[in-house]
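Each position in the sequence shown, counted from 1, maps to that position plus 816 in the numbering used here. Ideal placement from N, C-alpha and C gives every residue a C-beta, glycine not left out. Note that the structure is a prediction, hence the values are computed from the model and not measured. Below is one structure; the comments refer to it alone.
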Amino acid sequence: MAEKKYTISSILQSFYTELIMVERRSKDTASTYRISVEEFLLWCQETHLKIRICTSKDLAYYITSRKTSGISESTIAKDISALRAFGSFLVREGLWTENVALVLDRPKSHRSLPKVLTQEEVNTLLGSIDETTDLGKRDRALFELIYSCGLRISESCDLKIANLHMEEHIILVSGKGDKERVVPFGDDAYEKLTVYLNEVRPKLTKNKAVDEVFVNYKGEPITRKGVWKKFKELETATGIDAKVHTLRHSFATHLLTGGADLRSVQELLGHADLSTTQIYTHITDDQLKDYHAQYFPGHEESENPSEK
817 MAEKKYTISS ILQSFYTELI MVERRSKDTA STYRISVEEF LLWCQETHLK IRICTSKDLA
877 YYITSRKTSG ISESTIAKDI SALRAFGSFL VREGLWTENV ALVLDRPKSH RSLPKVLTQE
937 EVNTLLGSID ETTDLGKRDR ALFELIYSCG LRISESCDLK IANLHMEEHI ILVSGKGDKE
997 RVVPFGDDAY EKLTVYLNEV RPKLTKNKAV DEVFVNYKGE PITRKGVWKK FKELETATGI
1057 DAKVHTLRHS FATHLLTGGA DLRSVQELLG HADLSTTQIY THITDDQLKD YHAQYFPGHE
1117 ESENPSEK
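Next comes the structure, spelled out in structure tokens:
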């Protein structure tokens, strides 16, 4: 019986399909794992290492090379999770007799506070969008909604027309694990969405039936990569260091700073665990300390030490 031939492309596709269909992983997780494994396979190709004879030492050497190249600990942790899942896949495929990736220890994550923009920085970023063009009007509506609702990139791309309720100022969001939540949006988002839906979207879709709210210049659903690319242009134009996800972090922090309770913010963000939302309370605590240091002088030293 002829030995089954594998290419990087075919093995990645099989791995991705199994993650979705067999292990029931989310599409986002499966995509992340596929990217990590592709990096590993390309490294194997460069070092002339055959997958069948790969050992735990080879994997450890690969992870070390990733660390020395400046990859963050969080990315390393994702790489190791991906390699463990990939090892299980290779065992089922008969390429490995055992999952040697299980010996890899994920680095302990030191949870850093997410970056947050001030309201002025958000205004600067969104205000830099050229709304004289159709795509500019779409981008303004897109990023206004992301900020107004604290959406993940994938949630904004997957948002359906049927789940957009303009009169009620609410959207039905399908989040991680296909969990749905209802999120209201503000007047600014309503205004920009109205312009986009009435003036721009029909021209882009050429009145074709497209389920998704946001489409590209071809009238097709916008992709995560497309959203990321557009936001990168805003970052370059304004000089503000941020990512699309920073708008979600800013949304949560601005709500808490404004007096919203933690449970409500948890619901709006779609967090399964309240502890995930609690990280934003640390951000607001830090902000309060900054305000205190800036505006409360405390006990100033007297010029004459003898004065009490």
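Can you give the Cα-Cα distance for residue i and residue j, rounded to whole angstroms?
i: H985; j: G966; result: 14 Å
i: A1068; j: Y822; result: 46 Å
i: R968; j: K873; result: 37 Å
i: V989; j: G886; result: 36 Å
i: D1057; j: Q935; result: 14 Å
i: S842; j: A1088; result: 15 Å
i: G943; j: Y1096; result: 25 Å
i: S881; j: D895; result: 12 Å
i: L933; j: S1066; result: 6 Å
i: V838; j: I1038; result: 28 Å
i: S888; j: N1023; result: 45 Å
i: V907; j: E914; result: 6 Å
i: I836; j: I827; result: 14 Å
i: V916; j: Q829; result: 22 Å
i: G1042; j: T1054; result: 19 Å
i: T778; j: V1026; result: Residue 778 is absent from the structure shown; the chain starts at 817 and stops at 1124.
i: K1048; j: K1059; result: 7 Å
i: G993; j: E909; result: 27 Å
i: S847; j: D950; result: 31 Å
i: G1035; j: R840; result: 31 Å
i: S964; j: D1003; result: 9 Å
i: L980; j: N1032; result: 18 Å
i: V999; j: T1052; result: 30 Å
i: S897; j: C870; result: 17 Å
i: L1013; j: A1076; result: 30 Å
i: T1021; j: W1044; result: 21 Å
i: F1001; j: T863; result: 51 Å
Under 6 Å Cβ to Cβ from residue i, same chain only, skipping five residues before and after it: list those, please.
i: I962; result: S972, L1063
i: L1071; result: V1081
i: L1009; result: A957
i: F959; result: L942
i: P930; result: H1065
i: E937; result: I1056
i: L975; result: V1029
Leaving out five residues on either side along the sequence, give the residues of the same chain with a beta carbon under 7 Å from the beta carbon of residue i.
i: F831; result: R850, V853, F902, F905
i: S970; result: D844, R1040
i: K883; result: I892
i: F856; result: Y878, L899
i: S1122; result: Residue confidence for S1122 is low, a pLDDT of 44 falling below 50, so the modelled location carries little weight; the figure read from the coordinates is stated next. Cβ neighbours of S1122 beyond the five flanking positions: none.
i: L1126; result: The chain is shown from 817 up to 1124; residue 1126 falls before or after that span and cannot be answered.
Can you list, in chain order, the residues of its chain with a C-beta nearer than 8 Å to that of residue i? Leave out the 5 residues immediately preceding and following it.
i: Y1006; result: M982, H985
i: Q1094; result: L1078
i: Q861; result: I824
i: L1090; result: L1078, R1079, Q1082
i: T833; result: none
i: I945; result: G952, D955, R956, F959, L1050
i: R997; result: L988, V989, G991, E1083, L1084, G1086
i: K1132; result: No answer is possible for residue 1132: the residues shown for the chain start at 817 and end at 1124.
i: L858; result: I824
i: K1124; result: Confidence is the limiting factor: at K1124 the pLDDT is only 40, short of 50, which leaves the residue's position unreliable and the question unanswerable from this model.
i: T940; result: T1054, I1056
When DSSP builds the beta bridges, which residues end up paired with residue i?
i: H981; result: I986
i: E960; result: E960 pairs with nothing; no bridge assigned.
i: R997; result: V989
i: K976; result: E1028
i: P1037; result: V1031
Less than 7 Å separating the Cβ of residue i from some heavy atom of the ligand GDP?
i: N1032; result: This structure simply doesn't include the ligand GDP, nor any ligand for that matter.
So residue i and residue j are supposed to be a Cβ contact under 8 Å. How far apart are they, rounded?
i: R977; j: V1011; result: Note that residue 977 is Ile in the sequence shown here, rather than Arg. I977 to V1011, Cβ: 16 Å. No contact.
i: L920; j: R868; result: So it is not a contact: roughly 19 Å between Cβ atoms.
Counting only beta-carbon separations shorter than 8 Å, does residue i have a partner in chain B?
i: I969; result: No chain B appears in this structure, which consists of one protein chain only.
Quiz item: Can at least three beta-carbon pairs, one atom from the region 948-960 and one from the region 1015-1023, be found at a separation below 8 Å?
Solution: The region 948-960 is in contact with the region 1015-1023.
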